[in-house]
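S.K.: Handing you a structure now.
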Amino acid sequence: MSQTPSGTYLKEEDLKKVNTVTYKPRAEYAYSAGQAQSKFLLGLKEKKIIGRKCNKCGRVYVPPKMYCDECFRPTDEWVEVKDEGVIVTVVASFISWTRERVEKPEIVGVIRLFPSNEKDWVYPGLFHRICADFESVKNMSLFGKKVKAVWRENRVGSIDDIECFKVIE
Amino acid sequence: MSWEKIGKEDNLLTWKDKMGAEEYVYTTGVAGEEFFNGLKQKKIIGSRCPKCGKVYVPARLYCEDCFVKTNFIEVNEKAYIDSYTIIYKDDEGNKLEKPQIIALIRFGNTKGGLLAYVVEGEVEIGKEVEILEYKIPLIVRVK
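Residue numbers (this note's numbering), protein chains in the order written: chain A, 376 to 544; chain B, 153 to 295.
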């Protein structure tokens, strides 16, 4: 800018000398999980894992989706899947939610839930905690292991109603 | 294909909360300062572009077309209703005791306008108004 700016920096006491507008925003919000996610989360409260099936391609979405990404059409029906599956991916994280370094790693991974098989798999898999030690992640023995959900006693309709997935075989 | 719409909000998981927003103080700026000081003296302050001659109401520092600094002037043009609406509820959806008429007041041969509460007279687009109180929004009466 070639022109000298006309603005003037204000000090606290200067604010009293000039005309000001004062406002306190009332920032209230209402956030909904939506049709699919609400059904899913409320299902967890009843120890049920609910998905949504597209009858055209046969995919089951867990967590559910009201629309099929592949077929560009609404999905057709609600289906309950098992709280058992196999581990597809697993990783040990040494960084917390708030990006602090943690001593004990959190073991998380993607679980392909039953009744899907390798060819027809419940899409796109559920991401959750896996109750396992760091050693079993390092030696990669967890891949393909059968796991089952460990449900919490007090469930509120949250993804945290499942404590973790535990290896059962 | 089916759309099993649950539809009712009661059946959906919803989180309601309030964000902790602080009160803020906003300075009106160089042109705003002129304008609001003018209002206190019952004057409408606008600004004229020295290049194209356009007059802005309320006053602003620069002409948006010519990118040149404007000069502050008092606007004595006739004030008229450009458009209006009648509101029956406040911003929280509560019914008002009596409907409120809000009008956009413009001034002849100027660019811009000011919002006003119309408290008296038969409201009609194009009609001239008299400013009863110089504040934001203005309080006006239809002539």
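C-beta atoms are modelled at their ideal positions from N, C-alpha and C, and glycine is treated no differently.
At the 8 Å Cβ level, is N394(A) part of the contact set with chain B, yes or no?
M.R.: Indexing the first sequence from 1 puts residue 394(A) at position 19. Yes, N394(A) lies at the interface with chain B (some Cβ there is under 8 Å from its Cβ).
S.K.: I'd like to check one pair, S511(A) with L419(A): are the Cβ atoms closer than 8 Å?
M.R.: Here residue 419(A) refers to the residue found at position 44 when the first sequence is read from its first residue. Here residue 511(A) refers to the residue found at position 136 when the first sequence is read from its first residue. 8 Å or more divides the Cβ of L419(A) from the Cβ of S511(A).
S.K.: Assuming A183(B) and A211(B) make a contact with CB atoms under 8 Å, what is their CB distance in whole Å?
M.R.: Taking the first residue of the second sequence as position 1, residue 183(B) is located at position 31. Taking the first residue of the second sequence as position 1, residue 211(B) is located at position 59. Right, their Cβ atoms sit about 4 Å apart.
S.K.: Whose C-beta lies closer than 7 Å to the C-beta of D451(A) among residues of the same chain, with five residues either side of it excluded?
M.R.: As a working mapping, residue 451(A) is identified with position 76 in the first sequence. Around D451(A): K428, C429, N430.
S.K.: Roughly how many angstroms lie between the CA atoms of F509(A) and I462(A), to the nearest whole one?
M.R.: Against the first sequence, residue 509(A) aligns to sequence position 134. Against the first sequence, residue 462(A) aligns to sequence position 87. Rounded to the nearest angstrom, the two C-alpha atoms are 15 Å apart.
S.K.: From the DSSP secondary-structure annotation, give me the bridge partner or partners of K541(A).
M.R.: Start at 1 with the first residue of the first sequence, and residue 541(A) comes out as number 166. Answer by DSSP bridge pairing, in chain order: C506(A), K523(A).
S.K.: DSSP three-state label for F188(B), please.
M.R.: The residue given as residue 188(B) occupies position 36 in the second sequence. Helix.
S.K.: According to DSSP, what are the bridge partners of D169(B)?
M.R.: Here the question's residue 169(B) lines up with position 17 in the second sequence. D169(B) is bridged to Y404(A).
S.K.: Can you tell me which of E186(B), E174(B), M171(B), I233(B) puts its alpha carbon nearest to the alpha carbon of K295(B)?
M.R.: For the purposes of this step, residue 295(B) is identified with residue 143 of the second sequence, where counting begins at 1. When each option's Cα is compared against that of K295(B), the closest is I233(B).
S.K.: Considering only the beta carbon of each residue, do G460(A) and L488(A) sit closer than 8 Å?
M.R.: Numbered from its first residue, the first sequence carries residue 460(A) at position 85. Numbered from its first residue, the first sequence carries residue 488(A) at position 113. Cβ distance < 8 Å, so G460(A) and L488(A) count as in contact.
S.K.: Could you confirm whether any beta carbon from chain B is found closer than 8 Å to the beta carbon of P400(A)?
M.R.: By one-based count along the first sequence, residue 400(A) stands at place 25. Chain B, which has a Cβ nearer than 8 Å to the Cβ of P400(A), makes this yes.
S.K.: Would DSSP call S516(A) helix, strand or coil?
M.R.: Here residue 516(A) is taken as the residue at index 141 of the first sequence, counted from 1. Secondary structure of S516(A) (DSSP, three-state): coil.
S.K.: With DSSP run on the structure shown, which of helix, strand or coil describes F259(B)?
M.R.: For the purposes of this step, residue 259(B) is taken as the residue at position 107 of the second sequence. Of the three classes helix, strand and coil, the one that applies to F259(B) here is strand, per DSSP.
S.K.: Out of F188(B), R200(B), K194(B), T166(B), which one is the CA nearest neighbour of Q412(A)?
M.R.: Locating residue 412(A) in the first sequence gives position 37, where the first residue counts as 1. Here the closest residue by C-alpha is T166(B).
S.K.: Taking only runs that begin and end inside the stretch 235-284 of chain B, name each unbroken alpha helix (DSSP H) of 4 or more residues, in chain order.
M.R.: none
S.K.: Specify, as a first and last residue, the run of the alpha helix (DSSP H) that S357(A) falls within.
M.R.: Residue coverage of chain A in this structure runs from 376 to 544, which leaves residue 357(A) outside it and unanswerable.
S.K.: Let me make sure I understand the geometry here. Which of I543(A), A467(A), P480(A) has the alpha-carbon closest to that of M515(A)?
M.R.: Translated into the one-based positions of the first sequence, residue 515(A) becomes position 140. Comparing Cα-Cα distances from M515(A) to each of I543(A), A467(A), P480(A), the minimum goes to A467(A).
S.K.: Leaving aside the five residues before and after D169(B) along the sequence, list all residues of the same chain whose C-beta is less than 6 Å from its C-beta, in chain order.
M.R.: Taking the first residue of the second sequence as position 1, residue 169(B) is located at position 17. Answer for D169(B): no residue qualifies.
S.K.: Using three-state DSSP, classify R212(B) as helix, strand or coil.
M.R.: The count along the second sequence starts at 1 and reaches residue 212(B) at position 60. Residue state, collapsed to three classes: coil.
S.K.: What residues from the stretch 169-181 of chain B come within 9 Å of chain A, judged by C-beta to C-beta, listed N to C?
M.R.: D169, K170, M171, G172, A173, E174, E175, Y176, V177, Y178, T179, T180, G181
S.K.: Could you list which residues in chain A have their beta carbon closer than 8 Å to that of N163(B), in chain order?
M.R.: As a first step, residue 163(B) is located in the second sequence; it is residue number 11 there, counting from the start. Going along chain A in sequence order, the residues near N163(B) (Cβ under 8 Å) are S413.
S.K.: Within 10 angstroms of the Cβ of V435(A), are there 16 or more other Cβ atoms? Answer buried if so, exposed if not.
M.R.: Mapped onto the first sequence, residue 435(A) falls at position 60. Looking at its Cβ environment, which holds 16 or more other Cβ atoms inside 10 Å, V435(A) is buried.
S.K.: Throw me the rounded Cβ distance for the A137(B) and I257(B) pair, which I believe falls under 8 Å.
M.R.: For residue 137(B) there is no data in the structure shown, the boundaries of chain B being 153 and 295.
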